[in-house]
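Number 27 in our numbering belongs to position 27 of the sequence shown; there are no gaps in the numbering. Data block below; observations after.
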Amino acid sequence: MKYLIWLMACLFTAGAPALAGSLPAAVIALPRGEHAILVEKQTQRFYIFRADSDSSELIRVFDTNCSTGEAFGPKQVEGDKKTPEGIYFIIDEHEDKDLTPIYGPRAFPTDYPHFLDRQQGKTGYAIWIHGTNKPLTPMDTNGCIALENKDVRRLSDYVTRYVTPVIIQKTIQYTNADVLAAWKTGVIRFVDKWVQTHMTGTAGDYMTLHVPGADPDRFDWDAWEQQRQRAAVSENPLQIQTSRMGIYRLKDTLVVAMDFTLIRGQKHLTLGRRKLFLQGNMPESLWIAADEFQDSDRVQPSLAILAAGAGRLLESK
């Protein structure tokens with residue numbers, strides 16, 4: 001039955017009008033020179049887009065078949081044989097010498113379950129993009145995304161750990177550049193306010209940026225503010241720099257991922273790739289639902305990592 005439903009979906013999509021000039025609605029901004037992976041479960045298609053000179057100008061550079069979980073719907077619990085739906089990131093790459101034959105010559109783990117998944121009670125692990133040791137068949141995995149081996153070998157050329165998003169949807173939605181530009185402007189304005197609140201705001205100011213229940217621990221803010229004030233009385237106050245920002249959106253949830261760097265005088269300390277989960281159905285009305293550093297060895301709250309980094313800068317000679 002699942003193969004009949006899949007085939008009907010493919011035939012329907014094949015008869016749809018061409019999407020020339022349309023842009024994937026989930027990719028609001030992509031760091032220059034980087035790539036975004038989009039997976040459409042309904043048609044079992046796998047796409048890669050690249051950002052060239054302008055991050056709003058996306059070029060489709062890869063288009064192939066894939067196979068996702070054998071059960072319908074977004075993943076909820078371990079063992080349900082469903083592929084997650086959401087915004088994830090490639091966090092590693094395994095070569096054939098480290099893999100059993102079932103995974104083919106390459107495997108790229110994602111960060112499922114991410115912060116919001118865990119808050120929502122979703123379980124499971126090891127959702128990978130990988131090859132196969134058998135003919136590729138639609139909807140034939142335990143939840144991973146499988147590609148033919150000739151295709152998975154090419155992924156190394158398109159992937160940057162912690163930067164490359166994997167956006168998995170039932171059906172990819174498309175929009176125009178004006179809509180994406182409005183969201184990009186609104187999100188960047190919010191992030192700028194968030195950064196400035198780090199530097200000059202109070203704990204109350206910081207908490208008003210969060211949705212109810214997602215407020216950061218007051219102790220972590222106090223630790224950061226103590227370091228900020230220590231630096232402020234010196235010749236070299238602390239500064240924050242964000243770079244390589246990616247902005248992605250599905251429904252009313254946005255993910256903003258950026259390199260997060262502390263600066264004091266001539267010293268720069270990149271703390272890692274910081275990821276904000278924002279909620280809101282308009283670019284002018286956004287709140288933080290979750291905040292984490294993507295690095296797999298980071299288990300502390302983001303403000304605690306920030307305070308510790310500031311302490312290292314202040315103690316360094």
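Each residue gets a CB set at the ideal place from its N, CA and C atoms; glycine is no exception.
Around the beta-carbon of ILE59, fewer than 16 other beta-carbon atoms lie within 10 Å, marking it exposed.
For LYS193, the enclosing alpha helix (DSSP H) stretches over residues 177-200. In the structure shown, TYR206 adopts helical secondary structure according to DSSP, grouped into three states. Take the alpha-carbon of MET207 and the one of LEU278: they are about 14 angstroms apart. Close CB contacts of GLY309 within its chain, under the 8 angstroms cut and outside five residues either way in sequence, are with LEU262, LEU269 and LEU271 (chain order).
Straight-line spacing of the CA atoms in PHE190 and GLY204 works out to 17 angstroms. Ranked by Cα distance from ALA177, the options ILE37, GLU57 and ARG32 are led by GLU57.
DSSP, read as helix, strand or coil, puts LYS75 in coil.
Counting C-beta pairs with one atom in each stretch, the segment 150-168 and the segment 245-257 have three or more that are closer than 8 angstroms, which means they touch. Looking only at LEU155, GLN226, LEU209 and GLU292, the smallest Cα-Cα distance to GLU95 is reached by LEU155.
Residue pairing by DSSP puts ILE288 in a beta bridge opposite HIS210 and LEU278.
In the three-state scheme derived from DSSP, where H, G and I count as helix and E and B as strand, PRO101 is classed as helix. Under the DSSP assignment, GLY309 falls in the alpha helix (DSSP H) whose first and last residues are 302-315. If you draw a straight line from the Cα of LYS193 to the Cα of ALA289, it is about 16 angstroms long. Between the alpha carbons of LYS122 and MET139 lies a gap of roughly 21 angstroms. Between the segment 95-112 and the segment 130-139 there are three or more inter-stretch CB-CB distances shorter than 8 angstroms, so the stretches are counted as touching. Rounded to whole angstroms, ARG273 and THR242 show a C-alpha spacing of 9 angstroms. DSSP places ALA231 inside the alpha helix (DSSP H), whose first and last residues are 218-232. DSSP, read as helix, strand or coil, puts VAL163 in coil. Each residue's CA atom was taken as its position, placing GLN44 and THR68 some 7 angstroms apart. Distances from the alpha-carbon of PRO109 to those of LYS97, PHE115, PHE89 and GLN119 put PHE89 closest. Note on the segment 17-61: whole beta strand (DSSP E) runs with a minimum of 3 residues are 27-29, 35-40 and 45-51, in chain order. The shortest C-alpha to C-alpha distance from VAL211 to any of LEU286, VAL159, VAL195 and TYR112 is the one to LEU286. Secondary structure of VAL256 (DSSP, three-state): strand.
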